[in-house]
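Counting from 57, one number per residue, gives the positions in the sequence shown under the numbering used here.
For every residue, glycine included, the Cβ atom is placed at its ideal position computed from N, Cα and C.
All figures in this text were calculated on a predicted structure; none of them were measured in a lab.
Contents: one structure, followed by commentary.
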Amino acid sequence: MKASVRTPEAAYMAQTSLAHRKQYGQFFTPPPVADLLARWVAGAQPVRVLDPAIGTGVLARALQTYVPTCQITGYDVDPHILRWLRVEAGQPDTLECVCEDFLRTAPTARYDGIIANPPYLKFHDYDNLATISRFEQETGVKLTGFTNLYALFLLKALRLLSPGGRAAFVVPSEFLNADYGVAVKQQLQQNGSLRHVLVVDFQGSVFADALTTACVLLFARDEMPTPAVTFSYLESVEALADWTPDLAPAPRPLQALDATSKWRRYYQPGGDDDAVYGPLVPFSTVGKVSRGIATGDNGYFIFSASKARTWGLAPGTSLSPCITRSADVPGAFFTDADFAALRRADRPVYLLDVRAAADQAAQRYLAEGERQGVAQKFLPAHRTPWHRPEKRPPAPIWVTVFNRGGLRFVRNETATLNLTTFHCVYLNLFFQDRADLVMAYLLTEVAREIFAQNRREYGNGLEKFEPNDLNKAPMLDLSHLTAAQVAHFEDVYQRYRQSVLAGSPAEELRAVLDTDFRAAFALSE
């Protein structure tokens, strides 16, 4: 949802570069979200309110429409935005702004109201190790190095909420389903004040310029004997305007939630009540998912056929076949003929892999890499020698990293490697000779539905699966199939494969796979 041209936020965005806003993690709260946060906090009739990331003051303005006399203390590390707030937006007398990093402060005051849209910065966009280490020393809370900055704001601010007070945050929803979010969720359970979680539909991006999804977290220090929390799933940002606690689903005991699982199960339709197929096992019982090869400088390490000719480098001695872009593999099968077509089209399909030290052409190219400073870049500098690629065997199955509409698996029938555009699926000893059976299952809608429980959501319907998401993800236990069932699925799979390679995909055969897998694993009622 884009900010209205009449809002102070739109004026600030027009006057400030996107690079500056991203540097400080500035993504401004849409009016329906700001109003909901303000309504919740106003319910405690707060006198002293904290906003640890005041920004343009959008949340302070919203709150003071309900509680005009409340005194708000706002922190922000960006002097530019605070000058803008004072001069352009007209900072009210009831708002005290502090130009400091909230995470570096040691506040002793307590607040009966907290309202916040913390900065959104991923772990690699700030000094995460130093920041998290300082946070751990201050709070005693152990977090992973992948923890997003907004989670630190959330946990630190909640410690300052007075008895009887209320807090409201809008944050990206990824921590609900990410590995680093386990520790965050455990802390929310220990805090005991979480009352409502509202997740906005992932088909829309809530924040302008940010490819992320949002959830609203509402807290109350109301000394509830058995703390409970509701989970609401809303189809649009606008639906927040009509939300009230009375409309929330039945509450769940806060301490009964499983912090180690993805909390998607508590708010998505069907949630944890749709155990239709089984038995289920982790995907790691079939194989291991690993990320693709990271070069550290694709422009240097990747070759097309024409670039290889220019430098006099030859496949087999200096180059290895490698898929570098998922768009080059649009189908479910990748064959030697497909690779040859990409090579003829001069697509980038080779990875620098110097095996013959005496190859003079290769030595000239390596010298050029040193001249360009490639050897000093982060990943090459940590390899010995710097130009040697990560050693990975070709994976029999690839899976896309980012997706819209579900996972896409590819049966790699070649000796081709892959960069991080795909994850690698390596089958274990028990399934190495059952790659066709595994792929038959991965082609089905039932597989996509079950895998969806472990995805991570970004804005505009974009989904992501990290290798560990897939390794932990549930799948049907293929070891329960009889020999006759295995033969059936592999036969249908081969007929479907042939139809695809012939250019006339028989989608009715894929439907047969889906129907028959569902029938074979349907749980009796």
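Spatial distance of residue i from residue j (CA atoms)
i           : j           : result
residue 215 : residue 207 : 13 Å
residue 499 : residue 407 : 29 Å
residue 388 : residue 154 : 55 Å
residue 383 : residue 371 : 22 Å
residue 105 : residue 69  : 26 Å
residue 112 : residue 140 : 8 Å
residue 134 : residue 294 : 30 Å
residue 195 : residue 71  : 38 Å
residue 292 : residue 255 : 9 Å
residue 75  : residue 100 : 38 Å
residue 321 : residue 396 : 44 Å
residue 82  : residue 175 : 6 Å
residue 443 : residue 376 : 13 Å
residue 504 : residue 296 : 30 Å
residue 358 : residue 578 : 46 Å
residue 409 : residue 415 : 12 Å
Residue from the options whose Cα sits closest to the Cα of residue i
i           : options            : result
residue 493 : 343, 111, 407, 358 : 343
residue 284 : 256, 273, 248      : 248
residue 468 : 386, 401, 426      : 386
residue 447 : 398, 365, 347, 538 : 347
residue 312 : 338, 200, 241, 528 : 241
residue 369 : 400, 566, 411, 230 : 411
residue 403 : 419, 361, 429, 421 : 361
residue 393 : 101, 524, 491, 558 : 558
residue 556 : 337, 390, 433      : 390
residue 445 : 350, 571, 234, 232 : 350
residue 73  : 565, 103, 137      : 137
residue 80  : 473, 417, 205      : 205
residue 465 : 491, 449, 487      : 491
residue 16  : 479, 323, 171, 524 : Within the shown structure, residues of the chain are numbered from 57 to 581, placing residue 16 beyond reach of any answer.
residue 164 : 212, 87, 299, 579  : 212
Where residue i falls, given that 16 or more other Cβ within 10 Å makes a residue buried
i           : result
residue 261 : For residue 261, the pLDDT reaches just 46, beneath the cut-off of 50, and the residue's location in the model is therefore unreliable, although a value from the coordinates is still provided. Counting Cβ neighbours within 10 Å, residue 261 comes out buried, since at least 16 surround it.
residue 352 : buried
residue 263 : Per-residue confidence for residue 263 stands at a pLDDT of 48, beneath the threshold of 50, marking its modelled position as unreliable; no derived number is given.
residue 237 : buried
residue 525 : buried
residue 121 : exposed
residue 441 : exposed
residue 571 : exposed
residue 125 : exposed
Whether residue i touches residue j by CB criterion (9 Å)
i           : j           : result
residue 272 : residue 224 : yes
residue 219 : residue 251 : no
residue 130 : residue 151 : yes
residue 477 : residue 456 : yes
residue 116 : residue 64  : no
residue 222 : residue 97  : yes
residue 484 : residue 338 : no
residue 354 : residue 537 : no
residue 160 : residue 217 : no
residue 132 : residue 171 : no
residue 319 : residue 210 : no
residue 239 : residue 187 : no
Beta-ladder partner(s) of residue i, from DSSP
i           : result
residue 126 : Bridge partners of residue 126: none, in fact.
residue 284 : 309
residue 346 : 480
residue 468 : 390
residue 474 : 379
residue 371 : 375
residue 454 : 466, 480
residue 530 : 338
residue 217 : 167
residue 148 : DSSP lists no partner for residue 148.
residue 275 : 223, 250
residue 359 : 406
beta-carbon residue i near the ligand SAH non-hydrogen atom, thresh 8 Å
i           : result
residue 550 : Absence of the ligand SAH is noted for the structure shown, with no ligands found whatsoever.
Within-9 Å CB hit, residue i to chain D
i           : result
residue 365 : Looking at the structure shown, chain D is missing, and only one protein chain is on hand.
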